[in-house]
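Engineer:
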Amino acid sequence: MTINSLKDLYVDQLKDLYSACKQSMPVVTEMGRAATSRELSEALIAGNQGIARGMETLAQLCSNHGVDPTGEHCKGMEGLVAEARKHGLETQYGDDDTRDASIITQYQRLTHYAIAGYGCVRSFANRLGLDEDGAALQECLDHTRDGDKHMTRIAEGGVNQAAAES
Numbered sequence: 002m003t004i005n006s007l008k009d010l011y012v013d014q015l016k017d018l019y020s021a022c023k024q025s026m027p028v029v030t031e032m033g034r035a036a037t038s039r040e041l042s043e044a045l046i047a048g049n050q051g052i053a054r055g056m057e058t059l060a061q062l063c064s065n066h067g068v069d070p071t072g073e074h075c076k077g078m079e080g081l082v083a084e085a086r087k088h089g090l091e092t093q094y095g096d097d098d099t100r101d102a103s104i105i106t107q108y109q110r111l112t113h114y115a116i117a118g119y120g121c122v123r124s125f126a127n128r129l130g131l132d133e134d135g136a137a138l139q140e141c142l143d144h145t146r147d148g149d150k151h152m153t154r155i156a157e158g159g160v161n162q163a164a165a166e167s
């Protein structure tokens with residue numbers, strides 16, 4: 002695909018973000034199963050539900066612009082997923098609390114990538130006068146930021162302390 006305009010870039014980035022979300026879901030599920038903190042596990046399940054809702058929005062926006070959302074492969078998220086697997090799932094930890102702290106770290110890295118992606122496509126949509134797209138993407142961005150803040154509260158509210166005391 003040749004990108005000749007901001008609209009082309011916008012559609013390309015919608016597809017890239019869809020790919021990023023799709024790639025992140027399995028590792029978030031696995032981290033949710035590996036987490037020993039019940040609060041963390043539940044937050045990861047909720048995070049996956051949010052990712053799925055975001056994918057639905059992205060798919061609908063792509064459809065509205067006449068494109069298939071599955072035509073891209075996000076290399077950035079591919080790397081982040083590999084890191085999440087390595088540091089959140091495959092590394093041997095001496096205690097569960099430290100593993101949970103690492104899982105939060107990896108989840109937040111995935112989330113920050115999504116925040117950047119949603120912020121960019123939302124800005125593109127707004128510049129292009131695609132007000133409905135912009136509003137839908139702002140909602141995705143807000144939910145993603147809320148999930149990130151919730152994960153920080155879990156870390157600061159006990160997981161990091163428990164890991165420090167282990």
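Mapped onto this note's numbering, the consecutive letters of the sequence shown carry residue numbers 2 to 167.
Even for Gly, the Cβ is constructed at its ideal location relative to N, Cα and C.
#1: Quick check on this structure: which residue in TYR19, VAL29, GLN139 and GLU157 has the alpha carbon closest to the alpha carbon of ALA83?
#2: Please classify SER6 as buried or exposed, where buried requires at least 16 other C-beta atoms within 10 Å of its C-beta.
#3: Please state whether the Cβ-Cβ distance between MET78 and ASN49 is less than 8 Å.
#4: Using only CA atoms, which one of ALA115, VAL12 and THR3 lies nearest to ALA126?
#5: Three or more C-beta pairs under 8 Å: does that hold for the stretch 129 to 146 against the stretch 51 to 61?
#6: Taking DSSP as the reference, what is the three-state secondary structure of THR58?
#7: Where does the unbroken alpha helix (DSSP H) through ILE4 begin, and where does it stop?
Structural biologist: Straight from the coordinates:
#1: Counting from one through the sequence shown, the residue named residue 83 turns up at place 82. Among TYR19, VAL29, GLN139 and GLU157, the Cα nearest to that of ALA83 is on VAL29.
#2: As a working mapping, residue 6 is identified with position 5 in the sequence shown. Per the 10 Å Cβ criterion, exposed.
#3: For this step, residue 78 is matched to residue 77 along the sequence shown. For this step, residue 49 is matched to residue 48 along the sequence shown. The answer is no: Cβ separation not under 8 Å.
#4: Mapped onto the sequence shown, residue 126 falls at position 125. Residue VAL12 is the option with its Cα nearest to ALA126.
#5: yes
#6: Along the sequence shown, read from residue 1 onward, the residue named residue 58 stands at position 57. Helix, per DSSP.
#7: Taking the first residue of the sequence shown as position 1, residue 4 is located at position 3. Taken as a continuous stretch (DSSP letters only), ILE4 belongs to no alpha helix (DSSP H), as it is neither H nor E.
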